[in-house]
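Visitor: Using my numbering, read the sequence shown as starting at 678 and increasing by one per residue. From the three backbone atoms N, C-alpha and C, an ideal C-beta is built for every residue, glycine too. A quick note: this is a predicted structure, and the numbers were derived from the prediction, not measured. Please read through the structure below; I'll follow up with questions.
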Amino acid sequence: MASFQFTPRSTHSDNLMAMLPLQISNGARSADVLGMIDSASTINVLPYSLGAALGAIWEEQQVIGNLTGALSRVTARGLVVQANSSAIAGAQDVALLFAWASTDEVPVLFGQLNFLMEFNVCFYRSQNYFEVWRS
678 MASFQFTPRS
688 THSDNLMAML
698 PLQISNGARS
708 ADVLGMIDSA
718 STINVLPYSL
728 GAALGAIWEE
738 QQVIGNLTGA
748 LSRVTARGLV
758 VQANSSAIAG
768 AQDVALLFAW
778 ASTDEVPVLF
788 GQLNFLMEFN
798 VCFYRSQNYF
808 EVWRS
């Protein structure tokens with residue numbers, strides 16, 4: 678089990694969020710990301726430039742439709758990447774499915790499908806930390 682502090686989502690915000698550092702990879706390419714754990718998000722979300730930096734080709738990914746809520750005008754394609762974290766026991770080469778967005782106007786989100794299906798999370802917001810582990 679690994680503990681993380683709630684942190685501001687950006688340098689211009691005092692609003693603290695459950696931001697989790699992970700390394701994601703697609704083949705030989707990898708990137709360190711800081712994503713928000715969002716239990717209200719149906720699916721993991723990845724900005725366009727990050728998927729492209731991982732070597733994914735937009736036209737080769739299956740269309741999964743539009744995102745929902747405030748992002749309902751954003752089209753997305755499915756992209757499976759491998760996630761790793763040296764801080765979380767058992768978090769090596771975990772396959773995560775992302776809705777790869779057609780824009781960079783979205784944050785990295787770890788949502789129900791399938792981050793929260795692979796990882797357990799417990800929020801202790803009043804104490805300013807959260808825990809993440811795999812069973």
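With C-beta atoms as the reference, is Ala-766 less than 9 Å away from Arg-811?
Guide: For Ala-766 and Arg-811, yes; Cβs fall inside 9 Å.
Visitor: To the nearest angstrom, report how far apart Val-798 and Leu-697 are at their CA atoms.
Guide: Near 11 Å, if we compare the C-alpha coordinates of Leu-697 and Val-798.
Visitor: Can you give, in chain order, each stretch of the beta strand (DSSP E) that sits fully within the region 734 to 803 and has at least 3 residues?
Guide: You should have 740 to 743, 752 to 761, 771 to 778 and 797 to 801.
Visitor: What's the C-alpha gap between Gly-788 and Gly-704?
Guide: Taking the straight line joining both Cα atoms gives about 23 Å.
Visitor: Give the single residue among Ala-708, Leu-756 and Phe-681 whose Cα lies nearest to the Cα of Ala-772.
Guide: If we check each option's Cα against that of Ala-772, Leu-756 comes out closest.
Visitor: Below 8 Å, can you find three or more Cβ-Cβ pairs linking the region 779 to 793 to the region 744 to 762?
Guide: Touching, yes, given that three or more Cβ pairs across the two stretches are closer than 8 Å.
Visitor: Mind checking whether Asp-691 and Leu-699 have CB atoms under 9 Å apart?
Guide: Taking 9 Å as the Cβ cut-off, Asp-691 and Leu-699 do not qualify as a contacting pair.
Visitor: Please name the residue or residues paired with Arg-706 in a DSSP beta bridge.
Guide: Arg-706 is bridged to Asn-703.
Visitor: In chain order, what residues of the same chain have a beta carbon less than 7 Å from the beta carbon of Ser-718, not counting five sequence neighbours either side?
Guide: Taken in chain order, the residues that qualify are Leu-786, Gly-788 and Gln-789.
Visitor: Rounded to whole angstroms, what is the Cα-Cα separation between Ala-679 and Leu-774?
Guide: Their backbone Cα atoms lie some 22 Å apart in a straight line.
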